[in-house]
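Residue numbers (our numbering): 350 to 812. Even glycine gets a Cβ: it sits at the ideal position worked out from N, Cα and C. What you are looking at is a predicted structure, and each value in this text was computed from that prediction instead of being measured. Here the structure is laid out as structure tokens; the discussion comes afterwards.
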């Protein structure tokens, strides 16, 4: 039941993020929402740049550590996290002094990056202390605090700065709640030992995090290219809403699967037999591929209907025009960043991850710039970015194919069929309400069938 609770908690976070994006887009003027969206995207990039190497090191080293080693590794991780936070504050403060006309926006975005990085690192240590339920509760609590804080700020002041201040408050509350809920065991370590741990972390984690930074730069680059053509208009805001909204479900689902499954995959890889390692990795691949396929079908089917109710009228056409292609792009982008990278992470082939990420960035930049220069629409530019990402996936398949943890073909076919069936529901009317209820029931049944067939939560039946 803990695994089910963890998955439900992550979906709650996704729902809270979706509500936040829709609500903020209503509360803020289009120009302010564009600034808020860009500040949030930039803060996510900074957070990954400064803290992702520690997140990845924690997942890779703590998950496989024996109890006698775990407390020492946590102490080294937290110390490195504080140093990263200090460096980010120092550099960011200098940047805010020389920034453009809104230095407050820069300072708040910087604060979001620091608080999110430290909070994520602490929640990770809670999860890897065999406290999956506690970690899931803390993540859901923080999502609620972020939603309430941002909406309160935007409603009171109707500025991007006020909304970001609410985000800062939400992360602060989440971190304090984590300290109260569970104190992860630590061990006093010598400077020499700590430096040795940091060397191991940096050798693997910095290269792997560099790949994550490059991957996260791709949507930011697309935003710059397309918004550069559209400007701070309703169409530009609609495109920004699509980028903000449709990345969240894929990112949260991927994070949930990694939180539930990846520590066991690492343990089996380090301490289990080859057959057991391949089996656990195969199950994780099935989990990721099948659930994201069904999610893609659900986004195609239901997001347009929700958008007509929730997206501001001035941004609606821009959102509806770009949403399907943005969803397809994030589906491919998620699998390149997460699924295709699992085996290289296990084998610590971090340099390969950087090469793959850089290749995607270069191809996406080239394809989308050519598309915009040729006068194609924003959805045309995103479609070409998706083609570039698919090419990167095919080029990066080598380690995964050699590992031979192939998902079951019959299960993947079922997931594709379910995704197509759910996606086709989007062509059906949603009025009267009974039609909408029927569509939701059909989608829920199809999703449940895939979950049962894959036995993803180990609740349906045992292999």
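Here residue 638 has 684, 688, 756, 761 and 764 as same chain residues with Cβ atoms under 8 Å from its own Cβ, once five neighbours each way along the sequence are excluded.
A check of alpha carbon separations from residue 428 across 471, 410 and 690 identifies 471 as the nearest.
Around the beta carbon of residue 801, fewer than 16 other beta carbons lie within 10 angstroms, which makes this residue exposed. Counting only runs of 4+ residues, the alpha helix (DSSP H) found wholly inside the stretch 750 to 790 occupies 758 to 773, in chain order.
Counting every other CB atom within 10 Å of its CB across the protein chains shown gives residue 416 a total below 16, marking it as exposed. For residue 387, the closest alpha carbon among the candidates 606, 484 and 588 is that of 588.
Taking C-beta separations shorter than 7 Å and ignoring five residues to either side along the sequence, the partners of residue 567 in its chain run 682, 709, 710 and 713, following chain order. The residues 712, 713 and 716, in chain order, have a CB closer than 6 Å to that of residue 737 in the same chain once the five nearest residues on each side in sequence are set aside. Comparing alpha-carbon positions, the option among 602, 630, 358 and 600 lying closest to residue 613 turns out to be 630.
For residue 788, the number of other beta carbons within 10 angstroms of its own is at least 16, and it is reported as buried. Here DSSP, grouped into helix, strand and coil, assigns residue 540 to helix. In this structure, the straight-line span from the alpha carbon of residue 398 to that of residue 786 is close to 43 Å. If one requires a minimum length of 3 residues, no beta strand (DSSP E) run lies completely within the stretch 659 to 724. Leaving aside the five residues that flank residue 692 on each side, the residues in its chain whose CB is nearer than 6 Å to its CB run, in chain order, 748, 749 and 752. Annotated as distal: residue 659 and residue 599, with beta-carbon spacing of 8 Å or more. Shown here, residue 612 sits in a helix according to DSSP, grouped into three states.
The Cβ neighbour count for residue 433, taken over all protein chains shown within 10 Å, is at least 16; the residue is labelled buried. Look at the stretch 419 to 501 and you find these whole runs of alpha helix (DSSP H), each 4 residues long or longer: 452 to 476.
Here residue 805 carries a coil assignment [DSSP, helix/strand/coil]. The beta carbons of residue 362 and residue 489 sit closer together than 8 Å.
Residue state for residue 383 is assigned as helix, using DSSP reduced to three classes. Taking all protein chains in view, the Cβ of residue 392 is crowded by 16 or more other Cβ atoms within 10 Å, so the residue is classified as buried. Counting every other CB atom within 10 Å of its CB across the protein chains shown gives residue 633 a total of 16 or more, marking it as buried. In this structure, DSSP gives residue 551 a helical state, which the three-state scheme calls helix. The beta carbons of residue 483 and residue 531 sit about 5 Å from each other, so the pair counts as a contact at 8 Å.
Remark: C-beta atoms of residue 538 and residue 442 do not approach each other more closely than 8 Å. The count of Cβ pairs closer than 8 Å, one atom from the stretch 374 to 384 and one from the stretch 517 to 534, stays below three, leaving the stretches out of contact.
Straight across, the Cα-Cα distance linking residue 794 with residue 758 is about 21 Å. With 16 or more other CB atoms across the displayed protein chains lying within 10 angstroms of its CB, residue 733 is buried.
Between residue 527 and residue 475, the beta carbon gap of about 7 Å places them in contact (Cβ cut-off 8 Å). Residue 676 and residue 543 have their C-alpha atoms some 43 Å from each other. With contacts defined by Cβ atoms closer than 8 Å, residue 595 and residue 679 form a contacting pair.
For a cut-off of 8 Å, the C-beta gap from residue 771 to residue 667 is around 25 Å, too long to register as a contact. Assigned with DSSP and collapsed to three states, residue 628 falls in helix.
Contact between residue 370 and residue 593 holds: their C-beta atoms lie close to 5 Å from each other, under 8 Å.
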